[in-house]
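Taken in sequence, the protein lines are chains A, B, C and D. Residue numbers for the first sequence follow my numbering, so the first one is 14 and each next one is one higher. Residue numbers for the second sequence follow my numbering, so the first one is 14 and each next one is one higher. Residue numbers for the third sequence follow my numbering, so the first one is 14 and each next one is one higher. Residue numbers for the fourth sequence follow my numbering, so the first one is 14 and each next one is one higher. Where a beta carbon is used, it is the ideal one built from N, C-alpha and C, also for glycine. Presented below is the structure to which this report refers.
4 protein chains.
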Amino acid sequence: MSSNSIGKIFNFTTWGESHGAAIGCVVDGVPSNISLCEKDLQKYLDKRSPGQSKYTTQRKEDDKVQILSGVFEGLTTGHPISLIIKNKDQRPKDYEKIKNVFRPGHADYTYWAKYGIRDYRGGGRSSARETAMRVAAGGIARKVLEYKIENTFEIIGALVQIGKSKIDYSKWNNSFIENNDFFCPDKDIVPTWKKMISDARKNGSSLGAIIEIRCKGIPVGLGEPVYDKLDADLAKAIMSINAVKGVEVGNGFSSVTESGISNIDEMRIENNKPKFLSNNNGGILGGITTGQDIVIRFCVKPTSSILSAKKTINTDLKEIEISTEGRHDPCVGIRAVPVGEAMMATTLADHCLRFY
Amino acid sequence: MSSNSIGKIFNFTTWGESHGAAIGCVVDGVPSNISLCEKDLQKYLDKRSPGQSKYTTQRKEDDKVQILSGVFEGLTTGHPISLIIKNKDQRPKDYEKIKNVFRPGHADYTYWAKYGIRDYRGGGRSSARETAMRVAAGGIARKVLEYKIENTFEIIGALVQIGKSKIDYSKWNNSFIENNDFFCPDKDIVPTWKKMISDARKNGSSLGAIIEIRCKGIPVGLGEPVYDKLDADLAKAIMSINAVKGVEVGNGFSSVTESGISNIDEMRIENNKPKFLSNNNGGILGGITTGQDIVIRFCVKPTSSILSAKKTINTDLKEIEISTEGRHDPCVGIRAVPVGEAMMATTLADHCLRFY
Amino acid sequence: MSSNSIGKIFNFTTWGESHGAAIGCVVDGVPSNISLCEKDLQKYLDKRSPGQSKYTTQRKEDDKVQILSGVFEGLTTGHPISLIIKNKDQRPKDYEKIKNVFRPGHADYTYWAKYGIRDYRGGGRSSARETAMRVAAGGIARKVLEYKIENTFEIIGALVQIGKSKIDYSKWNNSFIENNDFFCPDKDIVPTWKKMISDARKNGSSLGAIIEIRCKGIPVGLGEPVYDKLDADLAKAIMSINAVKGVEVGNGFSSVTESGISNIDEMRIENNKPKFLSNNNGGILGGITTGQDIVIRFCVKPTSSILSAKKTINTDLKEIEISTEGRHDPCVGIRAVPVGEAMMATTLADHCLRFY
Amino acid sequence: MSSNSIGKIFNFTTWGESHGAAIGCVVDGVPSNISLCEKDLQKYLDKRSPGQSKYTTQRKEDDKVQILSGVFEGLTTGHPISLIIKNKDQRPKDYEKIKNVFRPGHADYTYWAKYGIRDYRGGGRSSARETAMRVAAGGIARKVLEYKIENTFEIIGALVQIGKSKIDYSKWNNSFIENNDFFCPDKDIVPTWKKMISDARKNGSSLGAIIEIRCKGIPVGLGEPVYDKLDADLAKAIMSINAVKGVEVGNGFSSVTESGISNIDEMRIENNKPKFLSNNNGGILGGITTGQDIVIRFCVKPTSSILSAKKTINTDLKEIEISTEGRHDPCVGIRAVPVGEAMMATTLADHCLRFY
């Protein structure tokens, strides 16, 4: 029951600190005879990697993943798959200054209070660097889903809001998402977002964001009553991502302003198959998939690594001020898109293997 | 790894169908020598019980809980505590008509698709009747927290929004919450809510709601990195409640419209102890409690049991129409307040026992 | 992770004390649409029930099991099955005398030291009465195995040794097992065993025993590397039974006196299928079934409830002497046969559901 | 619920194949602020390492363990500890010949039947090479026990029988154990064992063995009713070791030939503390430690890697003959001693962290 593990059948355990020798994970519960190589995972890691554009942090991480076990002659063996990424960009000296300081808004103070020790180099275990291994595990999860599910399924993540600026859903364009620096589905909003990010960078501030993840092609019947409902497991998986403060399914918090009459997804028959006339429930009823698209949204708070000075304390319980120096990511929500996709993939793979 | 269980140290497993012989749960991981009797649990069950006011369903359930094991001479023994509530108000005939019909917005279709069989009487296992056992388990969780935590702690749930009508937070009054039919903290909004509920009942419709749960007195250090973050576990526990479609921590989705500068909870020292100048993070940083109040909110969709006719299908995949007859709860969000409190309590008790 | 639960997919949680209101269990992970009624379970409970013959305790327990949930119109629904047996033969006064005394060889002292409280009535939670629920869960497990496995499979338990008296394996007769008071497969040894038990009863002493459980018809491939090996899970399941002190698989401890040459189970092909020429490994290699019979043996120590006075201490840490009064079971190994069968069944059902 | 993991609080997950790039494990649940370095683990690995004497396999493995995470400035951080050992002695060509052959007595056939693929190089995941990581995890477990337990505790494993040759328990000498090639506590039997091993090697055969593990200094109260009894968890941990076919606690199978009168461990008071007059129960009653020495024994079958030709089949279901070539370990029981110690240590560390 490692708290560094998630999943019951398809499950993985991550390890490693931001500036330790390496980070890694062990993925277990993968069926045998699925083709798998490092390239299958690298493409997702590259999507998450910092330094991809001028809108994310300039910290350079190659993030080259290696498979150390569980694959033989290009096929999974049914045994644990060990993944490792060596940390290259280790600059512990950058962190000497904050050694005894609790960066406000980070886990520095709570880790120190809980453990009485903390690896202060870049947040150690609390760093979002850990999410690289989620993305790698998510790559394996997608292979499992492709192997198990007859339909072609697709997981699409997109940024739908930065600060107060929302996309226009009527302009949603799937193919545009991968062709801009924001995983944005609405071409027209991109210039606004560019300016917002530039301004935030200049002001030494940061911006929050909302990410939407959609999954197409999942059959009816995945998910378990009553505590392992698919939406409950998705909520946990998503809320465990760094900086996430909220998660919703289907029309989520908006359902509150609907009436029972308007909110129900009515059913009809089409081609001898059940069909829903709307998808307010986001593809899940009673914790079990309906066969419709699964739709979730989550928010990422504006990162606490900002250049402006803020009040805080240190390990001697003295009052001081701190500001982040150097590399700084004005909107971590952008890089949260592939991480959210990955958690959707791993949660679905887990429930898929429970189902079939 | 029963999907009908939740919790790692403090854990419980529920069983039973809405119209079966009984519902129950087994609570395990409770330390020995804690005083416990049925009254300790009954008070929370009474709070959730239907038929308490004219604003909830008129279905009459006594919900008298019995303790069958794990308590000896008034004290817990450290062994599993078995709880049972006998179902009295069984009227299977009420459900004959919908035997083959999938009520839209309910789990009827997904259960049938997954299991090939369903107990159609009132939703069977998918009924919110299951939440009675959560409330009972929550009562035990509170006793565990009282036993373990030196501070006096308090869990306070309140309804903060019905439909489009939000409370005025500046009028929040803890002592008023238990003195109205809505668990509402804002006296002035009650007349509006009364009218909204009456209207919804007349129109055969229903209303969504937002519930806020606050917990005071939890020390710094509860919660585990990285997948069993306290907020991740709370998100799962809350999202597993019937009809919940979203959950957020601290300022949640509102954080998106803050800047990094405004959103950070700065720290100072007061009486030689760390003190935060705000609580945007809702008492949790990096998945671990900060010592501030824990604050979460969740939404409950407008219930799908409505009197208006809606399009649906039956088990023969024929198109039909359906409307709920008889007893009907225009806003299930009201009764979700004690359930949310219970899930907060059980999740905290679990992390508390991991911590101490 | 209740320590009162066992199994990952097919799993169950037991509760209840020897002289509490009732004992029970919740069985989860059972597929839907399996026919199940109380009779299916009662036949196994009757086999374990005390008072069946003059060779077991005269304590009278009806052990009538009730199904409270998870079965609808004679079929399992896929939801948790709650079982309950009400305790009838409660005579707390019988136990007043030993209220403060630690019966040597029992868990009285360790429970008291661990929990600081104990239900002294008949051992409370540490009583072998708990095994009734294992037997009931085992009945459900057999239904699951019948449902999942194409072959006809069979679980046969037998007593193969009492004290120093072993059966002659060449006289093994399956059909005789159910037709004698000892679950003995060797007709000729029964008179000896009758005398041994009578003598032990007269002397106020007790006898140990060895039980063998065989399972026929399990296909190749059940079991998981490397910690959930089928034999590892069987060892845990069996060792968790009251009074068990050893467990072995195949030729077990006897393998030590074999050579590598003589001990290997060679393979041939028969009717185009793999066939083993011997079964020293007891049907399991590398933790996975070979398709041969699964064979395990376990020993039960002579019960510590004896009429002779023995030295012990009490809760005041005073030295005293104690002897068991009244009802007394000279060889608990007899009633351990259906319990061992049940643990074989539940462990196999669990691995069977992981496999298919 | 990875089947490659064991433990609930102190837990670890192993990965890696015998001839893959590396083997490793992730140990989680380790409290913070325990001093830990690679040397602490290396000493146990050296004990298990092949090539230590002419009585074990000549396969050369350096087994240099590296700590990749979870330790900062010499102290544990409370976060997962990742361990890795790079495989040096990879000679895949040695295994080309047996690529399609099922070595009888090994897991080759069952793995192939279960997974449809196997890493044939030295058994892949089924190889006893995996046990190196158990030994490393056991080293961390000992540090946890030292940190948590006030008493000085000690885990001592010894070989007590090879083939039919048992030690004389009256000659047991703890200090001799580490000073001979067999972990033998009885000096006088060593010459016999030397000859037996040499003969087995010459004959191309192998020998079984019995190992005894004793633990001194564990306080009363570790272990959990009823399925996670300490002896049940030990039985699982031990039975999961390669080639183990039986496990017993205290006087184990010998208890069967005792009477209830002779087998009871009577209690007295000494220096105001409870004291037992014997230890037939091996330090565990009702699954919970009594404060006495914990004593378990387990047997290891004669290894199936022998030079003599044996009948088997291949992946084409053709009948063939096979004999092991090259390096060969005539009695794997010797190297099982440190592995058994490690499983004792990890199981105790897990229960210790549940207790305190």
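Query	Result
9 angstroms Cβ cutoff, L172 of chain D in contact with chain C	no
Start and end residues, alpha helix (DSSP H) containing W206 of chain D	V203 to K215
Closest Cα partner of A349 of chain D within the set D:L172, D:E338, D:V39 and D:D212	D:L172
Test item: CB-CB of V157 of chain B and F25 of chain B under 9 angstroms	no
Beta-carbon neighbours of A362 of chain A, restricted to chain D and to distances below 8 angstroms	In chain order: nothing, as chain D lies at least about 14 angstroms away.
Secondary structure of I94 of chain A, DSSP reduced to three states	strand
Collapsed DSSP secondary structure at R138 of chain D in the structure displayed	helix
Under 8 angstroms (Cβ pairs) to chain A, residues found in the segment 215–242 of chain C	P238
Nonlocal neighbours in the same chain, by C-beta distance under 7 angstroms from G176 of chain B, ignoring five residues either side	M209, L220 and G221
Nearest candidate by alpha-carbon position, reference I319 of chain A, set A:G295, A:I301 and A:V345	A:V345
The alpha helix (DSSP H) enclosing I169 of chain D, as first and last residue numbers	I169 of chain D -> not in any alpha helix (DSSP H); beta strand (DSSP E) instead, spanning E167 to I175.
Between the CA atoms of I309 of chain B and I130 of chain D - distance to the nearest angstrom	49 angstroms
V148 of chain C versus D76 of chain C - alpha carbon distance	11 angstroms
M146 of chain C at chain B interface by Cβ criterion, 9 angstroms	no
Segment limits, alpha helix (DSSP H) that includes A35 of chain A	Looking at the DSSP string, A35 of chain A is not in any alpha helix (DSSP H); the run it does join, the beta strand (DSSP E), is A35 to D41.
Proximity below 9 angstroms, CB of G353 of chain A to CB of I224 of chain A	yes
Residue-chain proximity (M252 of chain B, chain A), Cβ-Cβ < 9 angstroms	yes
Beta-carbon gap between R7 of chain D and H92 of chain A smaller than 9 angstroms	The question about residue 7 of chain D has no answer here: the residues shown for chain D are numbered 14 through 369.
Where D75 of chain D meets chain A, residues with beta-carbon distance less than 7 angstroms	Per Cβ cutoff of 7 angstroms: no residues; D75 of chain D is ~17 angstroms from chain A at best.
Local Cβ density within 10 Å of R61 of chain A, reported as buried at 16 or more and exposed below that	buried
Span separating the alpha-carbon of G295 of chain C from that of P232 of chain C	14 angstroms
Which listed residue (D:P44, D:V40 and D:I347) has its alpha carbon closest to that of P198 of chain D	D:I347
Among B:E51, B:R227, B:A358 and B:R116, nearest to D317 of chain B - alpha-carbon criterion	Sequence check: residue 317 of chain B is Ser here, not Asp. The residue with the shortest Cα to Cα distance from S317 of chain B is B:R116.
Pairwise C-alpha distance: C38 of chain B and W28 of chain B	6 angstroms
Beta-ladder partner(s) of M280 of chain A, from DSSP	A:F289
Cβ-based neighbour list, G300 of chain D, same chain, cut-off 8 angstroms, excluding 5 preceding and 5 following	G236, E237, P238, V239, D241, K242, L243, D244 and A245
Integer-rounded CB distance, given that D41 of chain B should sit under 8 angstroms from S15 of chain C	4 angstroms
Neighbour list for R281 of chain D in chain C, Cβ cutoff strictly below 9 angstroms	K324, T325, I326 and E332
Touching by the beta-carbon criterion (3+ pairs, under 8 angstroms), the segment 261–269 of chain D and the segment 254–268 of chain C	yes
Span of the alpha helix (DSSP H) around F368 of chain B	G346 to F368
Sub-9 angstroms separation of I153 of chain A and I98 of chain A beta-carbons	no
Residues that A35 of chain C contacts on chain B, provided the C-beta gap is smaller than 7 angstroms	L81
Run of the alpha helix (DSSP H) containing G152 of chain C, from where it starts to where it stops	T144 to K161
Closer than 8 angstroms: N292 of chain C CB and nearest the ligand MN heavy atom	Judged by which ligands are present, the structure shown has none, so any question about the ligand MN falls away.
When B:A213, B:K200, B:G234 and B:W125 are compared against S275 of chain A, the one with the closest alpha-carbon	B:A213
Residues of its chain near Q79 of chain B, where Cβ-Cβ distance is below 6 angstroms and the 5 sequence neighbours each way are ignored	I97
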